[in-house]
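Inspection log for the structure reproduced underneath, given as structure tokens.
2 protein chains.
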Amino acid sequence: MPSSPIRKLAPLASLAKSQGVKVYHLNIGQPDLPSPQQALDAIHQVDRKTLEYSPSEGNASLRVALSRYYTRMGINVFPEEILVTTGGSEAILFAFMACMDPGDEIIMVEPCYANYISMAVTAGIVVKTVTSHIENGFALPPVEEFEKAITPATKAIMLCNPSNPGGTLYTKEELYQLRDIVKKHNLFLMSDEVYREFVYRDEPFLSALSLGIDQNVVLIDSVSKRYSECGIRIGALISRNPEVRATVLKFAQARLSPPLLGQIAAEASIDGTEKYSRECFLEYKARRDYFIDALNKIPGVFSPMPEGAFYTIAQLPVDDAEDFCKWCLTDFSDSKETVMMAPAAGFYGDPSLGRKQVRLAYVLKIEDLKRCIEILGKALEKYNSTK
Amino acid sequence: MPSSPIRKLAPLASLAKSQGVKVYHLNIGQPDLPSPQQALDAIHQVDRKTLEYSPSEGNASLRVALSRYYTRMGINVFPEEILVTTGGSEAILFAFMACMDPGDEIIMVEPCYANYISMAVTAGIVVKTVTSHIENGFALPPVEEFEKAITPATKAIMLCNPSNPGGTLYTKEELYQLRDIVKKHNLFLMSDEVYREFVYRDEPFLSALSLGIDQNVVLIDSVSKRYSECGIRIGALISRNPEVRATVLKFAQARLSPPLLGQIAAEASIDGTEKYSRECFLEYKARRDYFIDALNKIPGVFSPMPEGAFYTIAQLPVDDAEDFCKWCLTDFSDSKETVMMAPAAGFYGDPSLGRKQVRLAYVLKIEDLKRCIEILGKALEKYNSTK
Numbered sequence: 024m025p026s027s028p029i030r031k032l033a034p035l036a037s038l039a040k041s042q043g044v045k046v047y048h049l050n051i052g053q054p055d056l057p058s059p060q061q062a063l064d065a066i067h068q069v070d071r072k073t074l075e076y077s078p079s080e081g082n083a084s085l086r087v088a089l090s091r092y093y094t095r096m097g098i099n100v101f102p103e104e105i106l107v108t109t110g111g112s113e114a115i116l117f118a119f120m121a122c123m124d125p126g127d128e129i130i131m132v133e134p135c136y137a138n139y140i141s142m143a144v145t146a147g148i149v150v151k152t153v154t155s156h157i158e159n160g161f162a163l164p165p166v167e168e169f170e171k172a173i174t175p176a177t178k179a180i181m182l183c184n185p186s187n188p189g190g191t192l193y194t195k196e197e198l199y200q201l202r203d204i205v206k207k208h209n210l211f212l213m214s215d216e217v218y219r220e221f222v223y224r225d226e227p228f229l230s231a232l233s234l235g236i237d238q239n240v241v242l243i244d245s246v247s248k249r250y251s252e253c254g255i256r257i258g259a260l261i262s263r264n265p266e267v268r269a270t271v272l273k274f275a276q277a278r279l280s281p282p283l284l285g286q287i288a289a290e291a292s293i294d295g296t297e298k299y300s301r302e303c304f305l306e307y308k309a310r311r312d313y314f315i316d317a318l319n320k321i322p323g324v325f326s327p328m329p330e331g332a333f334y335t336i337a338q339l340p341v342d343d344a345e346d347f348c349k350w351c352l353t354d355f356s357d358s359k360e361t362v363m364m365a366p367a368a369g370f371y372g373d374p375s376l377g378r379k380q381v382r383l384a385y386v387l388k389i390e391d392l393k394r395c396i397e398i399l400g401k402a403l404e405k406y407n408s409t410k
Numbered sequence: 024m025p026s027s028p029i030r031k032l033a034p035l036a037s038l039a040k041s042q043g044v045k046v047y048h049l050n051i052g053q054p055d056l057p058s059p060q061q062a063l064d065a066i067h068q069v070d071r072k073t074l075e076y077s078p079s080e081g082n083a084s085l086r087v088a089l090s091r092y093y094t095r096m097g098i099n100v101f102p103e104e105i106l107v108t109t110g111g112s113e114a115i116l117f118a119f120m121a122c123m124d125p126g127d128e129i130i131m132v133e134p135c136y137a138n139y140i141s142m143a144v145t146a147g148i149v150v151k152t153v154t155s156h157i158e159n160g161f162a163l164p165p166v167e168e169f170e171k172a173i174t175p176a177t178k179a180i181m182l183c184n185p186s187n188p189g190g191t192l193y194t195k196e197e198l199y200q201l202r203d204i205v206k207k208h209n210l211f212l213m214s215d216e217v218y219r220e221f222v223y224r225d226e227p228f229l230s231a232l233s234l235g236i237d238q239n240v241v242l243i244d245s246v247s248k249r250y251s252e253c254g255i256r257i258g259a260l261i262s263r264n265p266e267v268r269a270t271v272l273k274f275a276q277a278r279l280s281p282p283l284l285g286q287i288a289a290e291a292s293i294d295g296t297e298k299y300s301r302e303c304f305l306e307y308k309a310r311r312d313y314f315i316d317a318l319n320k321i322p323g324v325f326s327p328m329p330e331g332a333f334y335t336i337a338q339l340p341v342d343d344a345e346d347f348c349k350w351c352l353t354d355f356s357d358s359k360e361t362v363m364m365a366p367a368a369g370f371y372g373d374p375s376l377g378r379k380q381v382r383l384a385y386v387l388k389i390e391d392l393k394r395c396i397e398i399l400g401k402a403l404e405k406y407n408s409t410k
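Chains as they are written, first to last, in our numbering: chain A, 24 to 410; chain B, 24 to 410.
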């Protein structure tokens, strides 16, 4: 089981903090934006006497509300096709366990969200990667790469669209290519679309459930990012394949139920938050515009321009980004302030590929991002002059 | 992956309810007692703007509060030895995955909590059972039975004390026997002690962490039952073995964090609730005293007297308890009321053993339990006269 590249340096960050150093967290997609007031109000007004189990598949009223939400987003799903999960994380695990047996293979596009790999390890399934590259903004690798990776044991392809960590928004053509591979080999397409509302290219978002391969698609979702509610642990697994849902339900029953209070907050966030969502979107877009431009102005740093989500993978002028990330926490500070970044190697199946890269989440306000850029520039200069 | 015996008849119960039948739920340990007012107050007063991630290991303040709680209970553990989980369910899964590899074997005392088996399937580990018997109140099987079940692949023994589903409180002698087996074969002892506050024999509860085999013990806990907070999904995994904790932490990081709002409610429940806990205890004891006596007065029904938790396994005068449980939901009602029970076969590794048994949770108020007894008596009479 690999350590999370996002969280494994946390002890060093704690140590730095205990020594009075302020740490800016670029390592984790923990937005600083407020949750919708409706969600907080709903929590303040919980009128239950007993905080009881909810149904394993989630509260009926939340599933109905989610169905309304997806319909607004152009994805027509019935409440019965939605299973509420304990965060998107659990939806990933359930998808893997329900659709694959231990030893089966799944193809991921590296760099990929590190916890996909952790969840695959948990489920005992084997990860094969096809590599996307920083030079072309982590575009989908050519079909031939997928064909090369497919074996008789391949059961699924995992996609994150828009992607964490690369910030890639896959084009219609890329998604059609994937659809054709999935159909040809009768695979599952696991599509993590939790960042669908953070798309910075001016075109409608195309869900995997709109590709005409309904029975093969498992949609992973979460309210964490879109309502700045990472802590409530509410996600969803959506499938039009009744066999998949029946199997997922067994895993859901084994863990009894998703969190009750989180469901209440999530349900309250779904309707009447259009203005909130628009403001969040514009804020992230402004942060992206500032941050990527500023990153590329640091000597030796390169970041593609993300077209979705709120992450980027940046190449740094260092040989060992993990060592540099640690050093920033243990040996460096600028006026008692430093930055925490996630070494990108952990997002690759082949860790040698990301050794000079870090994943950065631009989830801080621009004022803080400006300070981060300043600190990062100074840190790189000092690191490279002393090593 | 087996279906949960506790929840698999839920669709039939829903159908009955949709036809206007009131269903008394004896199938699930969902207490009807209120949660502590402190917990509800804490939720109503949440003063955060952003419902953010918590640390993967749980909020530091909750871990400190839990440490105080365990110390009060005579179990001295440091906050660092406690990892907060998403319910006891997740603690079970993490314990299995951290301490065993796929293919490894775990020994469970059947009948056992059905979700242990589900979680073992999830973790890819093999369940071997030693059988306890209704005639002697599901006492620990003799040491020889364990010795027979142990193979080179055996890595752990799972215990629930006091037990769900049998209501057994293991004696000091039984626990010492287990300790000796664990030491002799260098196994893990996974001890689920979520019902420790519901002990009806007049002696102090003996935790597995008091057996002198600290490095081998993984304690499973949950606030669900003791504060009537099943829905908040807060449990804990406690181990004095640093390697176990380090591995569990990796799984914890992969799912990011336990539920924030549940942690707030749980933390508020820990101190100042002694009176609440005493009242809950007395209420469950009264329910037990009434319910078991009344059960045994139904012709052909036998239940041992549980000494802990709030369940019992009862033997019914039917050949196929699952068929009877279904029939109660589909073909029977008394003045538009019926009972839902959990067929006990699903709690055995060898389902043929529990075919005449049901698991009953006495988590309803005595007035309702009285009505359940009446309904069950009539149902058995009618079932046996028509079959």
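All C-beta atoms, glycine included, are put in the ideal place defined by N, C-alpha and C.
- Look at the stretch 271 to 289 of chain B: the residues with a C-beta under 7 Å from a C-beta of chain A are 273, 274, 276, 277, 278, 279, 280, 282, 283, 284, 285 and 288.
- Put simply, the backbone Cα of residue 38 of chain B is about 29 Å away from that of residue 189 of chain B.
- When B:385, B:286, B:329 and B:392 are compared, the shortest CA-CA separation from residue 158 of chain B is found for B:329.
- A distance below 6 Å between beta-carbons, with the five flanking residues on each side excluded, links residue 62 of chain B to the following residues of its chain, in chain order: 288, 291 and 292.
- Taking residue 352 of chain B as reference, the option from B:301, B:366 and B:340 with the minimal CA-CA separation is B:366.
- The three-state secondary structure of residue 183 of chain B, taken from DSSP, is strand.
- According to the DSSP assignment, residue 38 of chain B belongs to the alpha helix (DSSP H) that extends over 33 to 41.
- When CB distances to chain A are screened at a threshold of 7 Å, the residues of the stretch 242 to 270 of chain B falling below it are 251, 252, 253, 254, 255, 256 and 270, in chain order.
- If you check the CB distance, residue 254 of chain B and residue 74 of chain A come in under 7 Å.
- The beta carbon of residue 223 of chain B sits no closer than 7 Å to any beta carbon of chain A.
- By the 16-neighbour rule on beta-carbons within 10 angstroms, residue 218 of chain A is buried.
- Within chain B, 66, 67, 68 and 69 have C-beta atoms less than 9 Å from the C-beta of residue 67 of chain A, given in sequence order.
- A straight line joining the alpha-carbon of residue 273 of chain A with that of residue 26 of chain B spans about 6 Å.
- Per the C-alpha coordinates, the member of B:120, B:161 and B:171 positioned closest to residue 182 of chain B is B:161.
- Residue 224 of chain A and residue 283 of chain A have their alpha carbons spaced roughly 36 Å apart.
- A residue is called buried when at least 16 other Cβ atoms come within 10 angstroms of its Cβ; residue 358 of chain B does not meet this threshold and is exposed.
- In the DSSP assignment, the residues bridged to residue 325 of chain B are B:338.
- The beta-carbon separation of residue 406 of chain A and residue 347 of chain A, rounded to 6 Å, stays under the 8 Å limit for a contact.
- Residues are counted here when their Cβ sits less than 7 Å from a Cβ of chain A; for the stretch 100 to 111 of chain B these are 109 and 110, given in chain order.
- Between residue 170 of chain B and residue 372 of chain B, the C-beta spacing is not below 7 Å.
- Taking C-beta separations shorter than 6 Å and ignoring five residues to either side along the sequence, the partners of residue 303 of chain B in its chain run 56, following chain order.
- Counting only runs of at least 3 residues, the stretch 131 to 200 of chain A fully encloses the following beta strand (DSSP E) elements, listed from N- to C-terminal order: 149 to 154 and 177 to 183.
- The alpha-carbon of residue 122 of chain B is positioned some 12 Å away from that of residue 238 of chain B.
- Between residue 60 of chain A and chain B, the shortest Cβ-Cβ separation is not below 7 Å.
- Just so you know, the alpha carbons of residue 322 of chain B and residue 281 of chain B end up roughly 47 Å apart.
- Using beta-carbon distances, residue 72 of chain B counts as an interface residue toward chain A, with a partner under 7 Å.
- Taking 7 Å as the threshold, the shortest C-beta distance from residue 147 of chain B to chain A falls below it.
- Taking a beta-carbon distance threshold of 7 Å, residue 75 of chain B counts as an interface residue toward chain A.
- About 11 Å separates the Cβ atoms of residue 174 of chain B and residue 210 of chain B, ruling out a contact at the 8 Å cut-off.
- Secondary-structure assignment with DSSP links residue 365 of chain B through a beta bridge to B:382.
- From the beta-carbon of residue 113 of chain A, the residues of chain B found nearer than 9 Å are 109 and 278.
- Under DSSP, no beta-bridge partner is assigned to residue 208 of chain A.
- Using a Cβ-Cβ cut-off of 7 Å, residue 200 of chain B does not count as an interface residue toward chain A, since no Cβ of chain A sits closer than that to its own.
- Closest by C-alpha distance to residue 215 of chain B, out of B:318, B:361, B:314 and B:186, is B:186.
- CA-to-CA, the gap between residue 338 of chain A and residue 235 of chain B works out to about 52 Å.
- Per DSSP, the continuous beta strand (DSSP E) segment holding residue 241 of chain B begins and ends at 240 to 245.
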